[in-house]
Amino acid sequence: MKFQRVAIESIGFTLPSQIVTSLEIEQQLAPTYERLKLPEGRLELMSGIAQRRFWEPGTAISSSSVCSAQLALREADVPAERIGCLIHASVCRDYLEPATACRVHAQLGLPSDCWVYDLSNACLGLLSGMVQVATLIEQGCIQAGIVVGTESARNLVESTIASLNADPTLTRQSIKPSFASLTIGSGSCAILLVDRDLSQTGNLLTSCTVRAETRHHGLCQSDGDQAGGAMQPLMHTDSERLLQAGVGVGQRTFQQLLDLGVAREQIDYTVSHQVGAAHRRLMLQQLGLSGESDYSTFSWLGNTGSVALPTALAMGLRSGFITPDSRVALLGIGSGINSLMMMTHWRQPLVAGELDANAQQHLADSVHANRELTLES
96 MKFQRVAIES IGFTLPSQIV TSLEIEQQLA PTYERLKLPE GRLELMSGIA QRRFWEPGTA
156 ISSSSVCSAQ LALREADVPA ERIGCLIHAS VCRDYLEPAT ACRVHAQLGL PSDCWVYDLS
216 NACLGLLSGM VQVATLIEQG CIQAGIVVGT ESARNLVEST IASLNADPTL TRQSIKPSFA
276 SLTIGSGSCA ILLVDRDLSQ TGNLLTSCTV RAETRHHGLC QSDGDQAGGA MQPLMHTDSE
336 RLLQAGVGVG QRTFQQLLDL GVAREQIDYT VSHQVGAAHR RLMLQQLGLS GESDYSTFSW
396 LGNTGSVALP TALAMGLRSG FITPDSRVAL LGIGSGINSL MMMTHWRQPL VAGELDANAQ
456 QHLADSVHAN RELTLES
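Be aware that the sequence shown starts at 96, since it is given in my numbering, and climbs by one per residue.
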């Protein structure tokens, strides 16, 4: 798909305040680690994830989504009455029905002649929502739309810890499907898309492509459908097979993006799904892309699901790692396995969100590390 009329006007993000280190999680798993003789530090060593964040207990998914969407609207100075579509696209939601988007729509004071619904597509939720809003804009149906989502990791991580500690039959082999659940983090992000005639920035979504290789749908699965603050989900992931299969799907999707007319040398920066160090390293290697121009946040935010890639994009823009007038490829992959990749052109980035001291330090470190790599090369 190619777009002529779609601008990504702004991004709003909200980060939880509670920081949880991988070491703290391992300390909670002490009974299991001791019985299986697992070395402390294994979680960070294998994933590259040192910390992630949790919302305070009782935080509603929609509350954080409202905050992120408000930030995006205010930063772009787009009035609420212009919004013709609101999609809530995270894995997490307040309840099974009505759509969490309804509460967000009400709190934002958006017009009644507005498309309002939830969308679920694992880690590709927000990117999938962007394509739907972009299509409505391209066809002239609406002038502007918001895609927003909030992921909450606390219940999954805490349920996984409790389940592992309660199972005396676990072995070093049988614990592996639970490993990925311990890398999940929380976050919230909103993307405001507008018709380019309404845009004051000229940040363009120019093309996208998708691929579905659903024979791999069993490699990462949660248990039954749940929603709300009382849920106690568990997830089982064949991380090794998912890594290999996911990178393969990514390779084929990236070739489709190139076939749309995107030249490899036109790509100034990349942002991919924030799974962990092994995935990032293998993906960039197989796509023939440089790590020096790829921005990542998983080391300090963990895998935040559907908001991971958009939040990483926001951080890359906010930090100055991604410079103005740059072309950025967004390389999304989600369990299923689905892949969605986009080309974007950033002329005047607008990003809004509060950064605490920890986040500010990580952003500063990312720019410093990239400069060192550039000098070495």
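Here a beta-carbon is modelled for each residue, glycine too, at the ideal position from N, C-alpha and C.
| Hey, how far is the Cα of E335 from the Cα of C315? | 11 angstroms
| query | When burial is assigned at 16 or more other CB atoms within 10 Å of the CB, is L470 buried or exposed? | reply | Residue placement at L470 cannot be trusted, given a pLDDT of 42 that sits under 50; the coordinates are not used to answer.
| Top-ranked residue by Cα proximity to L288, from G240, T332, A261 | G240
| request: For the region 227 to 234 and the region 246 to 258, state whether three or more C-beta atom pairs, one from each stretch, are separated by less than 8 angstroms. | output: no
| task | Would you kindly work out how many angstroms separate the C-alpha atoms of G224 and G280, rounded to a whole number? | result | 21 angstroms
| query | Going by beta carbon distance, what residues of the same chain come within less than 8 angstroms of S163, once the five residues before and after it are set aside? | reply | G107, F108, T109, V243, T245, S283, C284, A285, G448
| Using DSSP with H/G/I as helix, E/B as strand and the rest coil, what is K59? | Since the first and last residues shown for the chain are 96 and 472, residue 59 lies out of range.
| Sorry if obvious, but does the Cβ on A145 come closer than 7 angstroms to a heavy atom of the ligand SAH? | Only the bare structure without any ligand can be found here, which leaves the ligand SAH out of the picture.
| task | Please state if the CB of V173 and the CB of A194 are separated by a distance shorter than 8 angstroms. | result | no
| field | Beta-bridge pairing of H183 - partner residues as DSSP gives them | value | D213, V243
| How many Å lie between L384 and A261 at the Cα? | 43 angstroms
| said: Suppose contacts are defined by Cβ-Cβ distances below 8 angstroms. Is L299 in contact with T439 by that definition? | reply: yes
| field | Beta-carbon separation (whole angstroms), A171 vs E104, contact threshold 8 angstroms | value | 4 angstroms
| field | Of the residues S294, D213, T332, the one placed nearest T272, counting alpha carbons only | value | According to the sequence shown, residue 272 is Pro rather than Thr. Per the Cα distances, T332.
| request: Step through the CB atoms of chain C and report whether any lies within less than 8 angstroms of the CB of G411. | output: Among the chains in the structure shown there is no chain C, since it carries only a single protein chain.
| query | Exposed or buried, which one is Q369 when buried takes at least 16 other CB atoms within 10 Å? | reply | buried
| request: Would you list, in sequence order, the uninterrupted beta strand (DSSP E) runs of no fewer than 3 residues that lie entirely inside the region 260 to 307? | output: 282 to 290, 299 to 307
| Is the CB-CB distance between R306 and Q339 below 8 angstroms? | no
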